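Chemist:
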Amino acid sequence: MTNHERILETLEAFVRTEIGVEIDRTQLVLDETRKEFEGDFTLVVFPLVKMFRSAPEAVANKVGEHLIQSLKEIESFNVIKGFLNLKMTSDYWTRQLAEAGADSNFFSPRENGDVVLVEYSSPNTNKPLHLGHLRNNFLGHSVSLMKAFSGDDVVKTQIINDRGVHICKSMLAWRKFGDGETPESSGLKGDKLVGKYYVIFDQHLRSEISELEHQGVSNEEAKKAAPLMMEVQEMLQKWEANDPEIRKLWSMMNGWVYAGFEHTYDRMQVSFDHLYYESETYLKGKDIVVKGLADGVFYKKEDGSVWCDLEAEGLDHKLLIRGDGTTVYMTQDIGTAVLRFEDYPEMTQAIYTVGDEQDYHFKVLFKILEKLGYSWAPNCRHLSYGMVDLPSGKMKSREGTVVDADDLMVEVVRAAQESSQDKGRLDSLSESEQRDLFETLGIGALKFFLLRVDPKKRMMFDPEESVALNGDTGPFVQYTYARCRAVLRKSGADPIRADLEGVQLMDKERALLRGLMSFRAEMNTAAMAMNPSAVANYCLEIAKVYNQFYHDIPILTADGAERSFRLELTRLTSETIKVGMSLLGIDVPEQM
RNA sequence: GGCCCAAUAGCUCAACCGGAUAGAGCAGCUGCCUUCUAAGCAGCAGGUUUCAGGUUCGAGUCCUGAUUGGGUCACCA
233 MTNHERILET LEAFVRTEIG VEIDRTQLVL DETRKEFEGD FTLVVFPLVK
283 MFRSAPEAVA NKVGEHLIQS LKEIESFNVI KGFLNLKMTS DYWTRQLAEA
333 GADSNFFSPR ENGDVVLVEY SSPNTNKPLH LGHLRNNFLG HSVSLMKAFS
383 GDDVVKTQII NDRGVHICKS MLAWRKFGDG ETPESSGLKG DKLVGKYYVI
433 FDQHLRSEIS ELEHQGVSNE EAKKAAPLMM EVQEMLQKWE ANDPEIRKLW
483 SMMNGWVYAG FEHTYDRMQV SFDHLYYESE TYLKGKDIVV KGLADGVFYK
533 KEDGSVWCDL EAEGLDHKLL IRGDGTTVYM TQDIGTAVLR FEDYPEMTQA
583 IYTVGDEQDY HFKVLFKILE KLGYSWAPNC RHLSYGMVDL PSGKMKSREG
633 TVVDADDLMV EVVRAAQESS QDKGRLDSLS ESEQRDLFET LGIGALKFFL
683 LRVDPKKRMM FDPEESVALN GDTGPFVQYT YARCRAVLRK SGADPIRADL
733 EGVQLMDKER ALLRGLMSFR AEMNTAAMAM NPSAVANYCL EIAKVYNQFY
783 HDIPILTADG AERSFRLELT RLTSETIKVG MSLLGIDVPE QM
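Counting in my numbering, the first sequence runs from 233 upward without gaps.
(1) In the DSSP output, which residue or residues are listed as bridge partners for Tyr-617?
(2) Give the straight-line distance between the Cα atoms of Leu-303 and Glu-545, rounded to the nearest whole angstrom.
(3) Cα separation between Gln-259 and Gly-333?
(4) Does the Cβ-Cβ distance between Val-829 and Gln-653 come in under 8 Å?
(5) Compute the beta-carbon to beta-carbon distance between Phe-797 and Leu-744, rounded to the nearest angstrom, for a pair I have assumed lies under 8 Å.
(6) Around the Cβ of Tyr-531, are there at least 16 other Cβ atoms within 10 angstroms (buried) or fewer (exposed)?
(7) With the cut-off set at 8 Å, would you say Leu-678 and Val-644 are in Cβ contact?
(8) If we ignore side chains and look at the alpha-carbon of each, how far apart do Val-397 and Ile-432 end up?
(9) List the endpoints of the continuous alpha helix (DSSP H) containing His-398.
(10) Can you list, in chain order, the stretches of the beta strand (DSSP E) that have 3 or more residues and sit fully within the segment 484–516?
(11) Identify the continuous alpha helix (DSSP H) that holds Asn-310 and give its terminal residues.
(12) Measuring CB to CB, does Gly-296 end up less than 8 Å from Val-311?
(13) Please report the straight-line C-alpha distance between Ser-765 and Val-685, rounded to a whole angstrom.
(14) What three-state label does DSSP hand Gln-710 in the structure shown?
(15) What ranges does the alpha helix (DSSP H) occupy inside the segment 541–585, keeping only unbroken runs of at least 4 residues that lie completely in it?
(16) Determine the DSSP secondary structure at Gly-186, reduced to helix, strand or coil.
(17) Need the endpoints of the alpha helix (DSSP H) that Arg-808 sits in, please.
(18) Would you give the residue range spanned by the alpha helix (DSSP H) that Lys-428 belongs to?
(19) Using a threshold of 8 Å, state whether the C-beta atoms of Phe-681 and Glu-671 are closer than that.
(20) Going straight from the alpha carbon of Ala-648 to that of Arg-657, what length do you get?
(21) Around the C-beta of Ser-642, are 16 or more other C-beta atoms found within 10 angstroms, so that it is buried, or is it exposed?
(22) Can you pull the DSSP bridge partners for Met-320?
(23) Are at least three pairs of beta-carbons, each pair with one atom in the segment 381–395 and one in the segment 497–514, less than 8 Å apart?
(24) Can you tell me whether Gly-419 is helix, strand or coil according to DSSP?
(25) Which of helix, strand or coil does DSSP assign to Phe-273?
(26) Going by DSSP in three states, Lys-689 sits in which element: helix, strand or coil?
(27) Beta-carbon separation of Thr-585 and Asp-346 under 8 Å?
(28) Under the rule that 16 or more other beta-carbon atoms within 10 Å means buried, what is Leu-788, buried or exposed?
(29) How would you label Lys-834, buried or exposed, when you count the other beta carbons within 10 angstroms and need 16 or more for buried?
(30) Could you work out which residue in Gly-812, Val-596 and Gly-605 is closest to Ser-382 when comparing CA atoms only?
(31) Taking Asp-263 and Phe-273 to be in contact with their CB atoms under 8 Å, please state how far apart those CB atoms are, rounded to whole angstroms.
(32) Note down the Cα distance separating Asp-475 from Asp-694, rounded to an integer number of angstroms.
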């Protein structure tokens, strides 16, 4: 039982005997005391004043008197307005610390058997990954780590968009203009090479269109009539008909893209357990929709197109199969969702990490799945996140303002290297150790920067700030960890966990310990809310408090139980930071 | 235009179910390294939480309306 629960339970019993009323625990607020007041926990007594029929302060005093008599771990209390501040004894806190230290499972996942699928990344195979994908990947990956830590069995996945007109565009351009260029021959990364031909296609297409327009054809007509467009359509048909030559070209170029992406994912330190390919799943959705039509869930228009009526749900009508029998994105998503639940029938949650421009799409998708009668439909969640803006405004590929993921990672690591060398604390490290350190710091800074902001919110990416090491940054937290480790290294043996009885806590120690003891609860709340920013802010808070403690209070030069206590506090802080940061997918260095 | 989302210090962000005097960081100014890592700590300054109403013991948080910005309303993905 947590200390919160004990206090609340005692309070409930008190109200029961005193007033004869059962109180609703959800009405009670027991928070950590704000730092400008004395105490550890604060009870807001306003909800009780009506029952007691006296002034808030009187109620607070009465409750405080009772609690201090009933619970020996409460040392004192004070009342300010309607707030009852409870201060716990030093013994209570040292015992908490000792118990945490003795508990080998303190930082272990508590398995609950729930299977949770987390989808993220799912990029377009025609374009290299960019800054927006970084936010997506870091978020999705972090959420999967958080879910695993809170005990779920997590399946990390993505759907690879490997077919369709857009793929044919780069294939066609490569065949026409590529002159046999390969990643090997050009030294270009595979995804970059394919992306290049996608752009080339677009350029040629546009000049064809404008030529047609010069001849008096309307823009709309020109888009369809352009020779390149006709060729692409033809290629798509051949692909669907399994034309061996096209399929061969297709797998070769996809292979280049995957190799390129893999390289990027490696550096990002994200990974996947199960990949779904659209080329393997896109037909499934159609079958389901056809069956849904037969079952009367959908309806057919005169032109043969199939629709879902969602007006009763406050939404619109949604097209699912075109008049010509081909499918749309939504149809494929239905197929993929069903397939996943077939693959993992015991799944309790399916999380889609996708930008908020698709909020409506997912609202519709989940509704349709529900209408189709899938019992698991309510288990689907859209982890929606806001766009990443640059100081210059929105990223636009047309204007060449897209920040490439690979370039950015090179840049942040280089920045970390420069600042580290300025500090000159690297003498004892080998060259490869130094390289690892720069990587840890640079990528850590980038991840922390992108994860620190509430996912739901649109955010500003300032390149300067993203590599900063002072202030609310990843390197600041990493530095605090390295600092803890330095203290522990110098402390000699592993003397900790001695007898901590009788240590009187200083304010900073108390605040730090209070923060550390709320670790589990904070992580669970964050996992439930799918919110890595809560984890990042928690790590920052711990780091700040530790640094204050470190600054004000001697550790190694202290004696006896005090020294043990402070070392143990340092050890628990370092572990907490390490585990907390690991949930963000960020490493921490032993030295920096 | 319909629907959805956001708006907090000069800038970037916090503030769990409505709780105390709205907090950090950056930028600016000022102190602190012969002592455990100064990538740190402490201090100063910075606010009508976009605006107008409402709900209540109490509103940045909930409701209504407005303003501004963004998204979305494709037989694109």
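Cβ atoms here follow ideal geometry from the backbone N, Cα and C, with glycine treated the same way.
Source: prediction; values computed, not measured.
Modeler: By the coordinates alone:
(1) Gly-587
(2) 52 Å
(3) 34 Å
(4) Residue numbering for the chain in the displayed model covers 233 to 824; residue 829 lies beyond these limits and cannot be assessed.
(5) With 8 Å as the limit, Phe-797 and Leu-744 do not qualify as a contact, their Cβ atoms being about 11 Å apart.
(6) exposed
(7) yes
(8) 15 Å
(9) 397–409
(10) 506–509
(11) Segment 306–312 is the beta strand (DSSP E) holding Asn-310; no alpha helix (DSSP H) there.
(12) yes
(13) 5 Å
(14) helix
(15) 561–575
(16) The requested residue 186 does not occur in the structure, where the chain is confined to residues 233 to 824.
(17) Note on identity: in this sequence residue 808 is Thr, with Arg being the wrong assignment. Segment 792–814, the alpha helix (DSSP H) holding Thr-808.
(18) 422–446
(19) no
(20) 13 Å
(21) Inspection of the sequence shows that residue 642 is occupied by Val rather than by Ser. So Val-642 ends up on the exposed side.
(22) Ile-306
(23) yes
(24) coil
(25) strand
(26) coil
(27) no
(28) exposed
(29) Since the first and last residues shown for the chain are 233 and 824, residue 834 lies out of range.
(30) Gly-812
(31) 7 Å
(32) 47 Å
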